Each structure stands twice: as C-alpha cells, then as structure tokens.
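These notes are about the structure you will find just below.
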Amino acid sequence: MKILLVTWTEKLSDKLLFLNPELEYCAIVTDDVESAKKILEQVGLSPNLIYPFYDLKACLKNFYFDYLLCLDNGWEMKFLSFAQECGVPKEKIIALNFPLNDNFLVERSLRYFKEHAAEFEIFATGMSYAEVSLDVTQFKRPLFNFARSSQDLYYNFLVAKFAIENGKNLRYALIELAPYKFHYDLSKSSNLQFLMPHYFIAFNDLHNFYMPAELYRKFFREEFLSSKVSLESFDLNNPFYMKKPLCFMTPQTKFEIVKKGDGGGGKDFPETRDENIKILDDYLTLCEENFIRPIIFLQPMSTGYMKNYSKRRMDEFRYLVNQACKKHSAAIFVDGWKIGVFKDEDFYDYGHMNILGAAKFSAFLNKIIESLE
Numbered sequence: 004m005k006i007l008l009v010t011w012t013e014k015l016s017d018k019l020l021f022l023n024p025e026l027e028y029c030a031i032v033t034d035d036v037e038s039a040k041k042i043l044e045q046v047g048l049s050p051n052l053i054y055p056f057y058d059l060k061a062c063l064k065n066f067y068f069d070y071l072l073c074l075d076n077g078w079e080m081k082f083l084s085f086a087q088e089c090g091v092p093k094e095k096i097i098a099l100n101f102p103l104n105d106n107f108l109v110e111r112s113l114r115y116f117k118e119h120a121a122e123f124e125i126f127a128t129g130m131s132y133a134e135v136s137l138d139v140t141q142f143k144r145p146l147f148n149f150a151r152s153s154q155d156l157y158y159n160f161l162v163a164k165f166a167i168e169n170g171k172n173l174r175y176a177l178i179e180l181a182p183y184k185f186h187y188d189l190s191k192s193s194n195l196q197f198l199m200p201h202y203f204i205a206f207n208d209l210h211n212f213y214m215p216a217e218l219y220r221k222f223f224r225e226e227f228l229s230s231k232v233s234l235e236s237f238d239l240n241n242p243f244y245m246k247k248p249l250c251f252m253t254p255q256t257k258f259e260i261v262k263k264g265d266g267g268g269g270k271d272f273p274e275t276r277d278e279n280i281k282i283l284d285d286y287l288t289l290c291e292e293n294f295i296r297p298i299i300f301l302q303p304m305s306t307g308y309m310k311n312y313s314k315r316r317m318d319e320f321r322y323l324v325n326q327a328c329k330k331h332s333a334a335i336f337v338d339g340w341k342i343g344v345f346k347d348e349d350f351y352d353y354g355h356m357n358i359l360g361a362a363k364f365s366a367f368l369n370k371i372i373e374s375l376e
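Spelled out as structure tokens, the structure:
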C-alpha cells in the first residue's frame, strides 16, 4: 500500500515504530522538515520523503497514494477535513490518534474488569456523559463504569456481553442513552474515526466502518496490536482519565449552548435507527436472561441545552425507550431531564457534569437501585 502520511514531527520516530514497516510512503508531510529528515535517516527511510505543511495541497494533488494517513493527537481531524475539502474520498483517509497508550484504554478496562469481576454488582455503559457523571463512591454496591467518550450502542452491547460473561455477581446494568443515541453509529462518524483503534484492539471489530478489519490491521505493526497497558494505579472512578477537576461553565459556553438545538454534533445517522433499536432489544434480553436488572437513564443536562433541544427528536427518543421498557418488564427508565434539581453549576459544559453534579446524580441513581431491593 502506498501511503501519504501527514503528522507533526514531534515523536515521529515513535509514530513510525507502531506503523507496519511494510507500508510504502510516497511522501511524509510534516512541520519541522530538517528534524524530520534526520529522523527518517535514523529509521532507514529516505529523507527525500519529507515535505513541509505548506506543500500539503500539492502533495494531495500530485502524488498517487492508496490511503492518506493522518496521525496525531487532536489535529488528525483537521488534516482529514482539509483533505476532504481537497477532494480526497473519505474511503481513502485513515485517522489515527497519538499517544499510543490512549488506543488501549478500552482493552485495559476490559482486562481489569476480568481480573476483578467477582467484586462488582453493577456495571455501566454509555458515552462521555456517563463517563464523567458516575461517581462510584456514591454507590452502595461496587460499580464498574465502562462508559467511554463517543461509545455507541453497538460497542456498549459488546462491552455488556463481555461484562456479563465474566461478572458472575452482577445484578444491575446502568445503560446511559444520550437523546440522539438511536441515530448514532461511531463507525460511520468521519470526525471520530480516530477512536476506531480502541475497539479494533479490544474486540477486533470495526462494525460498519468502511474498511474491513483485515485491511485495517495492515496499518499497524503486529507487536503494537498485542501490546498491553499496565493495570497499575487503575482508577475505578476515572478509568479513562476523563474526569476533570472542579470547573464550571463559562459565559461563552452558556452562549454556545443555544446553537446545539438538535445535538449530536456529527452523530446523526438516521439509517442506523432500526439497527440501534434491535441492539437495545438484544441488550435488555441479555440482561434478563442473566437475571440482571437493566436501568436505562437519560442524564440531566444543562437547562439551556434541554430547552433548545429538538422536541421532535426528544419525543421520538422517549417513545423508543418506553417501547423497549414495555417489551422488557424488568427494565426501568430514569428520565433525568424531568428530575429538575440540577443547575448549570452542576456542569462544566452543555451536558457533562462536573464532580459536584456527578456526586449528586450518582447518589440519586444509588437511591433508585437500593429502592429496587
């Protein structure tokens, strides 16, 4: 495969070491040309491959490449967007994240759970909302939080199957659903494809991603894919390092909330609605078959966001969840948008709770669980 690589020069040698050594580069576009040339010489590649960023548009036009590989931490999506503006088809663009350890955090959480599965009575799945809003110290029963930023229903279900297979003492499943969850498919989200290695490494499964797993694997060195992140100092209350110190919404954040009317932010794929309805049905069936009580919850969000959210989409969301609960009598739905006790001071942005809000909401969920006994 011929690759056009776009990345920063910083830690370039480390980046090249986790990529498949059989990849053939037509060009490597980067910022610090002279430093990058020295690095290529050290790893046995021709320094003539290096081009400066201001030549990126010309490189995209003049070089033949099978795939454009955008590799960095935070900038890979900007490279991807620019390439698409220049006419590069989405199917020819691969975005990967750096640093490397971040790609193994999902696998790391699965491995930790498997080693300690007998300790837990509750597990949780969901997106970043649940990732930051569940404070395990507020629950009477041991909780493992698998929620991960942008994790869709499909991967929530894979995580749940893993948890139930290994956790013989599980009694409750907390299932966070964002209001746009039925229309969201991570594997179709171009602006989030840098998260795909997390699930490829954990499950060898790319769901509806446009590239088959066997081809995707060819971008990586095999030793990289089998690497393990240490379980030392694993933080049950922050397994993915996403919880922030106490912070509050800024005036700018409050103003920007009004622009989030339909929500989702690139997470809207109407054609996946039926698939996600089926996935939730399978998820609830799996819980029932294993005598686990499923608790679906819509987390409270900031007042401005809830007021500006599409009524049509919210009505559809509540209808679909209520239909699922009617079919599965063990399931209950906690509608956090109707609680009414959360204020903007409980959030650090439009919908993510700060540590004060997380403690309050987790205590609320704990009371519900204990009332079911």
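Residue numbers (the working numbering): 4 to 376.
Every residue gets a Cβ at the ideal spot worked out from N, C-alpha and C, and that includes glycine.
From a predicted model like this one, the values you see are computed outputs, not experimental measurements.
Quiz item: Where does E168 land, buried or exposed, given buried means 16+ other C-beta within 10 angstroms?
Solution: exposed
Quiz item: Using 8 Å as the threshold, is the segment 316 to 331 in touch with the segment 288 to 302, meaning 3 or more CB pairs across them?
Solution: yes
Exercise. For K95, collect the residues of the same chain with a Cβ closer than 8 Å to its Cβ; drop the 5 residues on either side in sequence, then sort them by chain order.
Key: F68, D69, Y70, L71
Quiz item: Between which two residues does the alpha helix (DSSP H) carrying C328 extend?
Solution: 314 to 330
Quiz item: Can you list, in chain order, the residues of its chain whose CB lies under 8 Å from that of L359, leaving out five sequence neighbours each side?
Solution: L249, E348, D349
Quiz item: Taking DSSP as the reference, what is the three-state secondary structure of E274?
Solution: helix
Quiz item: Since I167 is in the alpha helix (DSSP H), which residue starts that stretch and which ends it?
Solution: 156 to 169
Practice problem: Return the Cβ separation of A181 and F126 in integer angstroms, given the expectation that the two are a contact with Cβ distance under 8 Å. | Solution: Incorrect: roughly 18 Å between the Cβ atoms, too far for contact.
Quiz item: CB of L156 to nearest heavy atom of the ligand SAH: below 6 Å?
Solution: Only the bare structure without any ligand can be found here, which leaves the ligand SAH out of the picture.
Quiz prompt | Residues bridged to L99 (per DSSP) | solution = L74
Exercise. Within the same chain, show all residues whose beta-carbon is closer than 6 Å to that of I53, passing over the 5 residues directly before and after it, in chain order.
Key: I31, V36, A39, K40
Exercise. With a threshold of 16 other CB atoms inside 10 Å of the CB of T33, please say whether the residue is buried or exposed.
Key: buried
Exercise. Evaluate the contact criterion for the segment 200 to 220 versus the segment 291 to 299: three or more CB pairs, one atom per stretch, below 8 Å.
Key: no
Practice problem: Count the other CB atoms, across all protein chains shown, that sit within 10 Å of the CB of E122; report buried if there are 16 or more and exposed otherwise. | Solution: exposed
Practice problem: Measure from the alpha carbon of L103 to the alpha carbon of each residue in S230, D352, A61, then state which is nearest. | Solution: S230
Exercise. Given a cut-off of 7 Å, decide if R276 and H186 are closer than it, judged by their beta-carbon atoms.
Key: yes
Quiz item: How far does the alpha helix (DSSP H) with Y115 in it reach, from first residue to last?
Solution: 108 to 119
Quiz item: Nearest to W340 by alpha carbon, out of E88, F364, C73?
Solution: F364
Quiz prompt | the segment 106 to 114 / the segment 134 to 143 touching (three or more Cβ pairs under 8 Å) | solution = no
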